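Colleague:
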Amino acid sequence: MNVVIIDYNMGNIASVKKALDFLGIENIITNNRGLIEKADVIILPGVGSFKQGMDNLSKLGLIDILNEQVIVNKKPFLGICLGMQLIAEFGTEPIDCIGLGWVKGSVIKMQEQDKRIPHLGWNTIKVKVNSFIENFQEDFYFIHSYHFKVANLESIAATVDYGDEYVAAIQQGNIYATQFHPEKSQALGLGLLKNFFANVKS
Amino acid sequence: MNIRYCTECLFPETKPDLFFNDEGVCSACIAAEEKDTGINWDQRAIDFHEIIAHYKKPDNEIGYDCIVPVSGGKDSTYQAYFMKYICGMNPLCVCFETTSVTKLGQKNLDNISKMGIDVIHFKKNHEVYKKMVIESFQRIGDEMWPNHIGIFTIPVLIAVKFNIPLIIWGENSQQEYGGPNLESIKNRLLNRKWLEEFGGLLGNRIQDMIGVNGITEKELTPYFYPSDEDINRVGVTGIFLGHYFFWDARKQLEIVKKHGFCVKEDGPTEGTYTNYENIDEKLVSLHDYLKYVKYGFGRATDHACIDIRNKRLTREEGKKLVQEYDGKYPHFGVQSFIEYSGIGKEEVDIIIDSFTNPILFIQNADGSFKKDSQGNLVRTFEIV
Amino acid sequence: MLKVRIIPILTFNGFALIKTKQFSQPRMVGNPVQTARIYNSRGVDELIFLDIFATAQKRKINLNVVKEVIKECFMPVGIGGGIKSLDDINDLLRIGADKVVLKDCFFTNPSFIKESSRFFGEQCITIAVDAKKQIDGSYKILNLKGDDISLIEFIKKVEELGAGELIVNSVDNDGMMRGFDTDLIKQVLYNTSLPIVCVGGAGSMEHFEDLFSATNCEAVGAASIFHFTQFTPLDIKNTLSKLGKPVRK
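Protein chains in written order, with the numbering used here: chain A, 1 to 202; chain B, 203 to 586; chain C, 587 to 835.
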């Protein structure tokens with residue numbers, strides 16, 4: 001399997017690579033169109049603000065190719081953290097901005113009276129039956145202040161309770177995404193990634 | 203890198219737990235100076251005899267008066283000899299089996315009982331111990347780690363089991379090799395706090411070994427320090443002989459040689475220039491080398507510093523020895539480790555390199571470490 | 587439910603790990619890689635690695651060393667020391683850091699906090715709050731420049747600038763292993779809505795009991811207790827569990 005990790009200057013790509021290397025999954029960090037075209041699976045990681053993320057994808061000319069590979073060619077896609085948020089239609093961090101628009105909904109600031117924001121730390125996800133992470137109702141590492149308000153409930157794979165109920169993972173056809181960081185969630189996170197690759201392979 | 207060295211001995215500032223005074227003198231030299239001039243040894247000897255008198259059983263009562271932890275090395279042989287023949291105690295020696303004993307080490311250990319002293323030789327579960335050797339080599343770059351624990355816990359466990367409260371340890375390593383502060387150097391008691399802070403455990407704890415390759419908590423029984431309750435019930439008291447008597451390893455060596463202790467006759471131990479220390483363990487040169495790759499000094503430095511402080515070498519002479527002996531790739535130790543562990547040489551080297559400090563040693567363009575034809579690293583620093 | 591985070595803090599002097607007492611008397615405790623491997627094997631919730639002399643010695647943090655440390659970690663890592671530019675932050679994030687820890691730039695270039703928060707997101711920006719108790723019982727922020735600023739003013743300002751988390755360290759209790767400064771922690775918790783990590787003074791399990799009974803803090807950092815005693819993060823988790831606090835298995 002040929003996995004590309006999209007390099008768009010938005011943070012924690014090395015951790016994702018390290019996790020895949022550990023699992024023995026061949027992968028490459030790149031923003032080269034040719035390599036993205038040849039990929040079997042595309043991973044979009046990322047730490048940073050929504051607007052900066054979209055600006056960087058745009059500057060590198062990656063938006064078209066991602067649309068083509070994920071939406072037209074239906075290649076398995078995994079978004080992590082900011083990589084999950086960017087597939088929304090619309091973001092607000094730090095100012096209003098259009099997203100990739102693959103999953104209906106928008107990314108807005110978390111508002112909680114009695115909770116500290118960012119939502120930072122290990123929290124248990126509530127998993128929907130038959131989702132790609134069905135057996136992973138466990139603690140994963142979250143670090144975010146904005147959340148993806150997904151419009152179509154069918155697209156939600158898992159939620160997390162932090163005062164309100166927030167989207168923790170998405171599954172919509174060939175599009176998969178997690179708000180938490182599996183690559184930073186130790187053995188469980190590695191297990192989840194392994195499960196993801198087994199899932200998309202079959 | 204420019205490393206600052208002690209102005210009197212050859213300890214570098216990169217040595218953990220060492221501190222320097224305003225004149226640039228290290229804590230080990232300050233302690234040595236104190237040993238020479240600042241301590242009333244006569245009074246200390248009186249204190250010592252008072253303490254042991256309290257533990258000595260009457261002549262008509264059977265039982266042991268104290269425990270002496272021994273390795274079969276020169277220091278512990280001396281401790282056993284001293285307690286039995288100078289102090290007239292009935293000591294029980296306790297030896298925690300080392301990782302891979304040398305013939306000479308075995309002979310010296312056997313010699314202790316030949317000196318007329320009872321010895322308990324604790325033979326550990328080889329499988330569990332080996333798993334810990336491999337794990338600690340990979341995790342913390344010290345394949346002797348389970349040994350560091352066992353040599354402390356086994357004598358204390360036996361003290362509790364046999365109700366022998368007094369344990370006679372040798373030199374306080376903080377005094378010999380320097381400590382983070384004067385309190386640590388002046389410490390006269392070895393207790394759990396001392397073990398965890400100064401026992402060379404590198405922040406790894408015995409509970410961290412549960413689950414390693416299936417190791418269970420129960421299998422680690424010999425490595426857990428007894429509970430406070432047990433310690434208090436028996437009144438276990440561990441004291442450093444070196445706190446009460448001027449510790450001079452070379453003089454003591456001459457004494458134990460007269461009582462059957464043998465040194466290595468075919469040349470110095472790998473990694474240093476002496477032939478009387480660390481002669482019982484085949485893997486010790488790997489242990490010493492790992493210290494060198496992390497901190498830039500090895501066993502030859504330790505020995506030279508002691509000889510300088512005891513005025514047997516000048517600093518200049520010591521420096522020459524260190525330059526010649528320190529930091530040589532330990533071919534014998536590595537080979538012994540490969541045979542012991544079953545890990546291949548290439549992997550052993552990768553693990554050693556992973557602990558090698560890139561600030562101290564020159565790297566190639568690809569990030570690997572530059573090595574000469576003998577496999578030795580190239581220093582970025584000068585020993586000055 | 588969000589779990590209490592237990593976070594070992596590694597302080598680095600540019601060469602090896604050190605541990606200070608009251609922010610001075612650095613004592614060298616060992617090699618960073620070996621320590622990171624221990625914590626990874628323990629499955630700690632997070633790791634914080636700080637080069638505490640980088641800013642004062644006018645140098646950047648050694649990326650090779652940080653890379654080696656992060657390589658050992660499948661858990662989140664926060665890195666601090668000598669960070670002055672967006673490039674500095676990006677360099678760290680690219681090799682696998684999740685957060686950066688800033689402090690002295692607040693005194694020399696406060697807009698940098700704002701800028702980095704806008705660029706990388708506030709969740710990426712942690713501020714070190716080194717609080718020194720004054721004779722009158724109030725707290726001020728210890729800083730290289732020597733500016734006079736109260737604890738409350740400092741945390742309000744950094745929150746406004748876009749901080750995402752505060753590491754609150756008691757200068758007076760640092761390395762003393764005699765317990766946390768719960769008054770300090772209470773004041774900070776009351777005055778900010780950001781997550782905070784409570785640091786400074788842990789030496790025994792009773793100290794964690796005291797802190798978590800007296801406050802509702804959700805993350806705790808420690809160093810000396812792991813270097814110098816038999817306690818491991820697991821012991822802390824067991825202690826907190828008994829108090830009814832949520833911890834990760």
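By construction, the Cβ of each residue, glycine as well, lies at the ideal position given by its N, Cα and C atoms. In this text the structure is predicted, and so the values were computed from the model without any measurement.
Smallest Cα separation from GLU483 of chain B: which of B:ALA233, B:ALA247, B:ASN242 and B:GLY275?
Modeller: The shortest C-alpha separation from GLU483 of chain B is found at B:GLY275.
Colleague: Would you call the segment 677–688 of chain C and the segment 635–653 of chain C touching, i.e. three or more CB-CB distances under 8 Å?
Modeller: Yes, the segment 677–688 of chain C is in contact with the segment 635–653 of chain C.
Colleague: With a threshold of 7 Å between beta-carbons, can PHE598 of chain C be considered close to chain B, or not?
Modeller: So, not an interface residue.
Colleague: Are the beta-carbon atoms belonging to VAL4 of chain A and ILE36 of chain A less than 7 Å from one another?
Modeller: Yes; because the gap between Cβ atoms is below 7 Å, this pair is in contact.
Colleague: I'd like to know if ALA177 of chain A contacts chain C, where contact means its C-beta is closer than 7 Å to some C-beta of that chain.
Modeller: Not closer than 7 Å to any Cβ of chain C, the Cβ of ALA177 of chain A fails to qualify, so no.
Colleague: Which residues of the segment 113–130 of chain A have a Cβ closer than 9 Å to any Cβ of chain E? Give them in chain order.
Modeller: This model lacks chain E altogether, as its protein chains are A, B and C.
Colleague: PRO260 of chain B: which of B:ILE205, B:GLY290 and B:LYS363 sits nearest, CA to CA?
Modeller: Of B:ILE205, B:GLY290 and B:LYS363, the residue nearest in Cα terms is B:GLY290.
Colleague: For ASP161 of chain A, go through chain C and note every residue whose CB falls closer than 8 Å to its CB, in chain order.
Modeller: Near ASP161 of chain A (Cβ distances below 8 Å), the residues of chain C are MET587.
Colleague: Under the three-state reduction of DSSP, which class applies to TYR162 of chain A: helix, strand or coil?
Modeller: DSSP places TYR162 of chain A in strand when its eight states are reduced to three.
Colleague: Compute the beta-carbon to beta-carbon distance between SER229 of chain B and ILE387 of chain B, rounded to the nearest angstrom, for a pair I have assumed lies under 8 Å.
Modeller: Going by Cβ atoms, the distance from SER229 of chain B to ILE387 of chain B rounds to 6 Å, so yes, they are a contact pair.
Colleague: Indicate the three-state DSSP secondary structure (helix, strand or coil) for ASP139 of chain A in the structure shown.
Modeller: Strand, per DSSP.
Colleague: For a contact defined as C-beta to C-beta under 8 Å, what are the partners of THR216 of chain B on chain C?
Modeller: By Cβ distance, chain C contributes PHE601, ALA602 and MET614.
Colleague: Bridge partners of ALA361 of chain B, per DSSP?
Modeller: Answer is none; ALA361 of chain B lacks a bridge partner.
Colleague: Is the CB of ILE661 of chain C under 7 Å away from at least one CB in chain A?
Modeller: A small correction: the amino acid at residue 661 of chain C is Met; Ile does not occupy that position in the sequence shown. Yes - at least one Cβ of chain A is within 7 Å of the one on MET661 of chain C.
Colleague: Can you name the start and end residues of the beta strand (DSSP E) that ASN27 of chain A belongs to?
Modeller: Its beta strand (DSSP E) spans residues 27–30.
Colleague: Quick one: residues in its chain with C-beta nearer than 8 Å to the C-beta of PRO618 of chain C, no 5 flanking neighbours on either side, listed in chain order?
Modeller: Hits under 8 Å: LEU596, PHE598, ALA602, LEU603, PHE635, VAL651, GLU654 and VAL655.
Colleague: Would you call GLY413 of chain B buried or exposed, if buried means 16 or more other Cβ atoms sit within 10 Å of its Cβ?
Modeller: With fewer than 16 Cβ atoms within 10 Å of its Cβ, GLY413 of chain B is classed as exposed.
Colleague: Mind checking who VAL321 of chain B pairs with in its DSSP beta bridge?
Modeller: BP columns for VAL321 of chain B point to B:CYS295.
Colleague: Mind checking whether VAL127 of chain A and GLN172 of chain A have CB atoms under 7 Å apart?
Modeller: Result no, Cβ atoms of VAL127 of chain A and GLN172 of chain A do not sit closer than 7 Å.
Colleague: When you check each C-beta in the segment 399–410 of chain B against every C-beta of chain C, which residues fall closer than 7 Å?
Modeller: Answer set for the segment 399–410 of chain B: GLU399, LEU404, GLY405, ASN406, ARG407, GLN409 and ASP410.
Colleague: Round the Cβ separation of ASP684 of chain C and ASN12 of chain A to the nearest angstrom and send it over; I've been treating them as touching at under 8 Å.
Modeller: 6 Å between Cβ atoms; contact.
Colleague: Which two residues bound the contiguous alpha helix (DSSP H) that contains GLU378 of chain B?
Modeller: That run of the alpha helix (DSSP H) goes 375–379.
Colleague: Between A:LEU190, A:ASP55 and A:SER49, which lies nearest to ILE133 of chain A when the distance is taken from Cα to Cα?
Modeller: Of the listed residues, the one whose Cα sits closest to ILE133 of chain A is A:LEU190.
Colleague: Is there contact between the segment 293–308 of chain B and the segment 316–331 of chain B, where contact requires at least three CB pairs shorter than 8 Å?
Modeller: Yes: at least three Cβ pairs fall under 8 Å.
Colleague: Residues in its own chain within less than 6 Å of GLU93 of chain A by CB, not counting five upstream and five downstream?
Modeller: Closer than 6 Å at Cβ, skipping near neighbours: SER49, PHE50 and TYR146.
Colleague: For ASP631 of chain C, would you say it is in contact with chain A, using Cβ-to-Cβ distances shorter than 7 Å as the test?
Modeller: By this cut-off, ASP631 of chain C is an interface position.
Colleague: Is the number of C-beta pairs between the segment 733–748 of chain C and the segment 579–586 of chain B that are closer than 8 Å three or more?
Modeller: Contact between the segment 733–748 of chain C and the segment 579–586 of chain B is absent, because fewer than three Cβ pairs lie under 8 Å.
Colleague: Mind checking LYS835 of chain C: buried by the 16 CB within 10 Å criterion, or exposed?
Modeller: Counting Cβ neighbours within 10 Å, LYS835 of chain C comes out exposed, since fewer than 16 surround it.
Colleague: Quick one: does PRO781 of chain C have its CB under 7 Å from some CB of chain A?
Modeller: It does; some Cβ of chain A falls within 7 Å.
Colleague: Opposite ALA714 of chain C in the DSSP bridges: which residues?
Modeller: DSSP output for ALA714 of chain C lists C:ILE753 as bridge partner(s).
Colleague: Can you give me the Cβ contacts of ASP555 of chain B inside the same chain, cut-off strictly under 6 Å, excluding the 5 residues immediately before and after it?
Modeller: Cβ within range, chain order: PHE571.
Colleague: Could you list which residues in chain A have their beta carbon closer than 8 Å to that of ALA714 of chain C, in chain order?
Modeller: Within 8 Å Cβ-Cβ: nothing; ALA714 of chain C doesn't reach chain A, min ~16 Å.
Colleague: Apart from the five residues just before and just after ALA282 of chain B, which ones in its own chain have a Cβ nearer than 8 Å to its Cβ?
Modeller: The residues are VAL270, VAL272, PRO293, CYS295, ILE314, MET317 and ILE319.
Colleague: Mind checking which residues open and close the alpha helix (DSSP H) that includes GLY53 of chain A?
Modeller: Segment 50–59, the alpha helix (DSSP H) holding GLY53 of chain A.
Colleague: Would you mind working out which of A:ASN31, A:TYR176 and A:ILE125 sits nearest ASP64 of chain A, comparing C-alpha positions?
Modeller: Of the candidates A:ASN31, A:TYR176 and A:ILE125, the one whose C-alpha sits nearest the C-alpha of ASP64 of chain A is A:ASN31.
Colleague: Grab me the residues of GLN250 of chain B's own chain with a C-beta within less than 6 Å of its C-beta, minus the 5 sequence neighbours each way, in chain order.
Modeller: In the sequence on display, residue 250 of chain B carries Phe and not Gln. Correct list, in chain order: TYR446.
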